[in-house]
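As structure tokens, the structure follows; a few thoughts come after it.
There are 2 protein chains.
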Amino acid sequence: MSPKLDLLAAFAGVARALGNAHRLDLLEHLAQGDRSVEALADKAGLTVANTSQHLQALRRAGLVLGTRRGKQVIYRLSADDVLDLVAALRTVGERHATGVRRVVDDYFHARDALDAVSFAALRERLDDGLVTLIDVRPADEFADGHVPGAVNIPLAELEARLGDLPGRTEIVAYCRGPWCVLAFEAVALLREKGRSAHRLEGGLPEWRRAGLDLATGHAQ
Amino acid sequence: MSPKLDLLAAFAGVARALGNAHRLDLLEHLAQGDRSVEALADKAGLTVANTSQHLQALRRAGLVLGTRRGKQVIYRLSADDVLDLVAALRTVGERHATGVRRVVDDYFHARDALDAVSFAALRERLDDGLVTLIDVRPADEFADGHVPGAVNIPLAELEARLGDLPGRTEIVAYCRGPWCVLAFEAVALLREKGRSAHRLEGGLPEWRRAGLDLATGHAQ
DNA sequence: CAATCATTCAAGACAACTCTTGAATGTAAG
DNA sequence: CTTACATTCAAGAGTTGTCTTGAATGATTG
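Respectively, the protein sequence lines represent chains A and B.
Just so we're aligned, residue 431 is where the first sequence starts under this note's numbering, counting upward by one.
Just so we're aligned, residue 431 is where the second sequence starts under this note's numbering, counting upward by one.
If you want it as structure tokens, here you go:
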């Protein structure tokens with residue numbers, strides 16, 4: 431084959447590695463923090479063997495790296511530019527009406543849920559005490575790293591803990607990324623209960639990628 | 431399926447559309463300017479029917495748009511963010527040793543050919559008359575748009591037209607993109623002939639995407 | 001309206017991807 | 001050294017992508 435097509439085939443291989451919903455899901459989970467195969471299989475709802483094979487596809491493409499630690503293999507994103515690539519994919523995908531928009535309309539019946547709060551706006555209003563920021567991911571992911579000032583209320587517990595939220599403030603919810611379903615559902619639930627709620631424009635990986643501070647541990 | 435996986439499947443579909451060397455090639459050609467199916471088939475070295483099918487795959491993914499004009503259908507990139515996506519793909523791909531680097535080493539035997547001249551450095555030295563900028567793409571692509579001050583010397587004619595080039599100046603060559611083979615081969619040929627030559631860091635699409643001026647027509 | 005041309009469609013052969021199952025490997029602990 | 005455990009490998013069935021060939025569609029031209 432020609433050198434030109436060889437080069438393009440190498441890039442195409444990276445693209446093909448992104449061309450599967452489960453693998454994109456695994457990348458989103460890895461963006462929350464490094465994980466073992468079993469942990470990823472659990473989060474993604476796949477069998478261990480299948481997860482392992484997907485991870486190897488991602489590794490062949492240079493998107494993730496695996497390191498043995500004891501009897502586990504810990505996978506991690508190979509570099510931050512992987513997040514940029516997925517973000518670029520999302521940007522193009524969002525424009526394509528017959529894909530993303532339809533899904534959002536069908537499942538969330540909420541075009542208004544699309545308008546999100548920017549990082550800059552959040553920081554300003556958080557400093558002024560005007561908003562309550564909630565992290566609706568599971569506790570383990572929160573502990574791995576979260577936005578300073580955020581309260582961890584996993585989506586499953588949100589309804590039961592509505593009373594914990596200050597009465598007057600606006601609520602901003604975030605989770606794993608710009609299209610993570612948890613924050614969408616949290617906002618929908620909160621609005622149903624009469625609260626003023628918005629999504630944050632990105633999740634934890636985007637916050638970190640923007641060079642902003644992180645907090646760790648089980649605080650709050 | 432869950433809404434989450436539906437969303438990811440939509441993004442994965444876009445990625446799969448990028449997961450073929452010929453389709454990446456077609457996108458690079460479309461980045462030079464809008465083209466008919468037959469023109470693209472000719473440039474990419476594919477049959478018309480096959481080109482049509484690849485273009486439809488790209489269109490389904492929202493990457494390109496087709497408009498009928500007379501008896502032809504003219505395809506174009508759907509938006510500039512497609513260039514950003516391909517650029518992000520290239521960035522990640524470049525890091526992955528076993529793909530890109532090996533191809534470059536094998537075919538070009540020239541790691542030093544990798545260091546490219548930045549747009550900023552080019553403009554400075556071009557103003558000072560220190561470099562000759564050559565566009566080694568075919569004449570029709572040059573006519574569609576080129577970097578102001580560039581001389582069009584298609585790669586096939588380069589050896590015959592060496593005498594046209596000023597003797598003392600350094601030569602900078604560009605073509606269709608950061609990994610377009612034409613500029614690599616032009617630099618290799620020029621160095622073989624004892625000239626000081628470098629690639630430009632990007633091709634015409636990157637120049638345009640950076641918001642820099644374009645010239646059109648057959649001048650020079 | 002018949003002829004021509006660019007593009008798209010349809011069908012078929014072949015290759016690649018995806019998931020499951022069960023076995024194999026490699027590491028740690030008893 | 002045996003056992004237990006996390007991960008990977010291997011084989012197989014079903015699905016999807018790719019390219020070729022020849023026909024069909026849609027638009028212009030004489």
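We put the CB at the ideal spot given by N, CA and C, even for glycine.
- Our two residues, VAL478(A) and ARG465(A), have alpha carbons roughly 13 Å apart in a direct line.
- Contact check between the region 442 to 460 of chain B and the region 476 to 495 of chain B: three or more CB pairs, one atom from each, fall below 8 Å, which counts as touching.
- Annotation: ILE601(B) to LYS623(B) spans about 12 Å, alpha carbon to alpha carbon.
- For THR497(A), the secondary structure class from DSSP, reduced to helix, strand or coil, is strand.
- Put simply, of GLY647(A), PRO433(A) and GLY443(A) the residue whose alpha carbon is nearest the alpha carbon of LEU519(B) is GLY443(A).
- When Cβ-Cβ separations below 8 Å define contact, ARG520(A) makes contact with chain B.
- Interface annotation for the region 438 to 454 of chain A against chain B: LEU438, ALA439, ALA440, PHE441, ALA442, GLY443, VAL444, ALA445, ARG446, ALA447, LEU448, GLY449, ASN450, ALA451, HIS452, ARG453 and LEU454, criterion Cβ-Cβ distance under 9 Å.
- Ranked by Cα distance from LEU552(A), the first of LEU435(A), ARG498(A), GLU631(A) and ARG625(A) is GLU631(A).
- Counting only the Cα atoms, GLN462(A) lies some 40 Å from THR481(B).
- Taking a beta-carbon distance threshold of 8 Å, ARG639(A) does not count as an interface residue toward chain B.
- Within chain A, the residues GLY492, SER508, ALA509 and ASP511 have their CB atoms less than 9 Å from the CB of ARG525(B), given in chain order.
- Look at LYS501(A): its C-beta is not under 8 Å from any C-beta on chain B.
- Leaving aside the five residues that flank LEU595(B) on each side, the residues in its chain whose CB is nearer than 7 Å to its CB run, in chain order, THR562 and ILE601.
- Here the region 635 to 642 of chain A makes no contact with the region 466 to 476 of chain A; the two share fewer than three CB pairs at distances below 8 Å.
- At a cut-off of 8 Å between beta carbons, ASP514(B) contacts chain A.
- Contact residues of the region 586 to 608 of chain B toward chain A are absent (C-beta to C-beta distance below 9 Å).
- Proximity of VAL530(B) to chain A, defined by a Cβ-Cβ separation below 8 Å, is satisfied.
- Boundaries for THR481(B): no beta strand (DSSP E) harbours it, while the alpha helix (DSSP H) harbouring it runs 478 to 490, taken from the DSSP string.
- In the DSSP assignment, ALA580(A) falls outside any alpha helix (DSSP H) and carries neither an H nor an E.
- Ranked by how close their Cα comes to the Cα of HIS648(B), the residues ARG598(B), ALA603(B), ALA546(B) and PRO578(B) have PRO578(B) in first place.
- Assigned with DSSP and collapsed to three states, LEU642(A) falls in coil, not helix or strand.
- A Cβ of chain B is located within less than 8 Å of the beta carbon of VAL611(A).
- With respect to the 8 Å criterion, ALA440(A) and ARG525(B) are not classified as neighbours on the basis of their beta carbons.
- Interface residue (Cβ-Cβ distance to chain B less than 8 Å): PRO433(A) is classified as such.
- Contact annotation: VAL581(B) and ILE564(B) have beta-carbon atoms nearer than 8 Å.
- Comparing alpha-carbon positions, the option among LYS434(A), GLY597(A), PRO584(A) and GLU589(A) lying closest to CYS605(A) turns out to be PRO584(A).
- The Cβ atoms of PRO608(B) and GLU636(B) sit closer than 8 Å to each other.
- At least 8 Å separates the beta-carbon of LEU460(A) from that of LEU515(A).
- When rounded, the separation of the alpha-carbon atoms in ARG499(A) and TYR505(A) is 10 Å.
- CA-CA distance, LEU457(B) to LEU495(B), rounds to 11 Å.
- The C-alpha of ALA474(B) lies about 26 Å from the C-alpha of ARG591(B).
- VAL617(A) is not a Cβ neighbour of ARG598(A), given a cutoff of 8 Å.
- Straight-line spacing of the CA atoms in VAL522(B) and PRO568(B) works out to 29 Å.
- Residues of the same chain with a CB within less than 8 Å of the CB of GLY559(B), apart from the 5 flanking positions on each side, are THR599 in chain order.
- In this structure, the beta-carbon distance from THR646(A) to ALA573(A) falls below 8 Å.
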